[in-house]
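Working notes for the structure below.
There are 2 protein chains.
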Amino acid sequence: MFSKSCEYAIKATIYIAVQSNQGNRVGLKDIAREIASPEAFTAKILQQLSRNHIIDSVKGPNGGFQIDKKEMTRIKLSQIVSAIDGDAIFKGCGLGFKECSEKKPCPVHDKFKVIRNELKTMLENTSVQELSLGLANGLTFLHR
Amino acid sequence: MFSKSCEYAIKATIYIAVQSNQGNRVGLKDIAREIASPEAFTAKILQQLSRNHIIDSVKGPNGGFQIDKKEMTRIKLSQIVSAIDGDAIFKGCGLGFKECSEKKPCPVHDKFKVIRNELKTMLENTSVQELSLGLANGLTFLHR
DNA sequence: AAATTAAAGGATAATTTTGTCCTTTAATAT
DNA sequence: ATATTAAAGGACAAAATTATCCTTTAATTT
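Set out below in C-alpha cells:
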C-alpha cells in the first residue's frame with residue numbers, strides 16, 4: 059500500500075508528535091530506535107518531511123525534530139503520504155493507466171474509484187494529533 | 059497499490075477472459091501486445107496464473123491461454139491479487155507491522171482496517187467474467 | 001573564538017522488482 | 001517419426017527502492 063519510506067515517515071511523525079506534545083524535541087537516534095528503522099535512511103526521510111514543512115528540524119546541541127503544537131491538528135496523514143509517495147494512491151488508476159477517466163475507464167475503474175476515494179478521505183481527515191493521542195494514552199503501539 | 063506484475067496479471071486475465079468468451083485461445087504475443095506489457099516478463103506472470111489455476115495454458119501449435127467459461131464467474135480479482143502479490147494487502151498492517159491486531163493495534167489500525175476490509179470485499183466480489191463484459195461491450199478499455 | 005553537537009547532503013552499496021535472452025519441454029501438424 | 005509451434009523455465013541484466021557511510025553545514029556551549 060505505502061512504501062517502506064512512507065511507513066517510516068508516518069511512524070516517525072507520530073512519535074515526534076507525541077514527544078512534542080510533552081515538550082520534548084527528539085533526535086534522529088531516538089526516533090530510529092523507537093520506530094525500529096535504519097538510522098541513516100530515516101534521516102533522509104526526516105529531511106523530506108522537514109522540507110515539506112511537516113516537521114521542524116533544529117541543528118546543533120539539543121537539536122532534533124519537533125512539530126509545532128498549533129500546527130499539529132492541521133497536519134493530516136494525506137500530507138505525509140503525498141510528501142513521500144506522491145499522490146498516485148489518491149488519483150492513480152488501479153491498473154496503472156496514465157489515462158484512465160470517467161469517459162475512458164479501465165475495467166476496474168468504477169469499483170476501484172470507490173475504495174480510492176474512501177482511502178483519500180480517511181487520510182485527509184486523520185490528523186497526526188489524533189493519532190498521537192492514542193499512542194500517548196497507551197491505546198496504540200509503534201512496536202511489538 | 060498493486061505491483062506492476064499484478065497490474066499486468068489483472069489486465070492479461072481480463073483480456074484472456076474476453077477472448078475465451080468468444081471461443082478464442084490467445085498466445086503470449088497477442089496478450090502482451092494488447093495490454094502493452096513486456097513479453098518475456100508477461101510470460102512469467104502467465105505461468106504463475108496458470109500454476110494457480112486462474113488461467114489454463116496449452117502448448118504447441120494453436121496453443122496459448124484460455125479460461126474455462128464455466129469457471130469464469132468463479133474467478134475473482136482477489137485470487138489474482140493473492141496469486142501475484144500475496145495477501146498482505148488484505149491482511150497486512152497499514153504501517154507494515156508483523157504484529158498488529160485488535161489487542162495491540164498500531165496508531166492507524168482502526169482507520170485503516172475499514173478501508174482494507176472494503177478493498178478486500180470489493181476484490182472478493184468482483185469476478186473476471188463481470189470485468190470482461192465491460193471490455194467486450196466497449197464500455198471499458200485496456201489501453202489509451 | 002573554539003570545541004562540540006546534531007542535522008543536511010553526497011556518494012555508494014545491497015536488495016527487490018522489473019525486464020530480457022536463450023534453452024528445454026510438450027503439444028500439434030506434416 | 002520429424003518438423004514446427006508455443007509455453008515453461010533457467011540464467012542474467014536493468015531499474016527502483018531501501019540502506020549505509022562519510023563529509024559538510026549550522027547551531028549551541030564552553
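As they're listed, the protein sequences go chains L and R.
Okay, so the first sequence: first residue is 59 according to my numbering, each after it adds one.
Okay, so the second sequence: first residue is 59 according to my numbering, each after it adds one.
In this text, a Cβ means the ideal position worked out from N, Cα and C, and glycines have one as well.
Nothing here was measured: the structure is a model prediction, and the numbers come from that model.
With a threshold of 8 Å between beta carbons, K62/R makes contact with chain L. Taking 8 Å as the CB threshold, P163/R lines the interface with chain L.
Across the structure, K156/R and H201/L are spaced so that their CA atoms are roughly 9 Å apart. With 16 or more other Cβ atoms inside 10 Å of its own Cβ, H167/L counts as buried. For a Cβ distance threshold of 7 Å, residue set M59 of chain L lies close to I147/R, ordered along the chain. Put simply, the CB of F99/L is far from chain R, with every gap to its CB atoms at 8 Å or more. The criterion of a C-beta distance shorter than 8 Å is satisfied by S61/L and D143/L. Looking at the DSSP output, K134/L sits in a beta bridge with S185/L.
In the DSSP secondary-structure assignment, S115/L is bridged to F123/L. The segment 125-144 of chain R and the segment 126-144 of chain L do not touch, with fewer than three beta-carbon pairs separated by less than 8 Å.
In the same chain as V116/L, and ignoring 5 residues on each side of it, the C-beta atoms closer than 8 Å to its own belong to R83, G122, F123 and Q124, in chain order.
Here the alpha carbons of Q80/R and F170/R stand approximately 41 Å from one another. Around E65/L, the beta-carbon contacts reaching into chain R at under 7 Å are L153 and G154. Comparing alpha-carbon positions, the option among A141/L, D126/L and N120/L lying closest to L107/L turns out to be A141/L. Linking T184/L to T179/R through their CA atoms gives a straight-line distance of about 23 Å. Annotation for E182/R: K134 and S136 place their beta carbon closer than 6 Å to its own, counting only its chain and skipping 5 residues before and after. The beta carbon of G192/R is closer than 8 Å to those of T198 in its chain, skipping five residues each way along the sequence.
Bridge pairing for V84/R: F123/R [DSSP]. Taking a C-beta distance under 8 Å as the contact criterion, Y66/L and I113/L do not qualify as a contact pair. Annotation: K156/L is outside any alpha helix (DSSP H) and is labelled neither H nor E by DSSP. Distance from the CA atom of R91/R to the CA atom of K69/L, rounded to whole angstroms, is 42 Å. Assigned with DSSP and collapsed to three states, D145/L falls in coil, not helix or strand. V186/R has its alpha-carbon roughly 21 Å from the corresponding atom of K161/L. Burial state of P165/L is buried, judged by a 10 Å Cβ sphere holding 16 or more other Cβ atoms.
Using beta-carbon distances, H167/R counts as an interface residue toward chain L, with a partner under 8 Å.
Between the C-alpha atoms of A94/L and L189/R there is a straight-line separation of about 42 Å. Below the 7 Å Cβ cutoff, chain R contributes I173 and E176 as neighbours of E176/L, in chain order. The C-beta separation of T71/R from L86/R comes to about 14 Å, leaving the pair out of contact by the 8 Å criterion.
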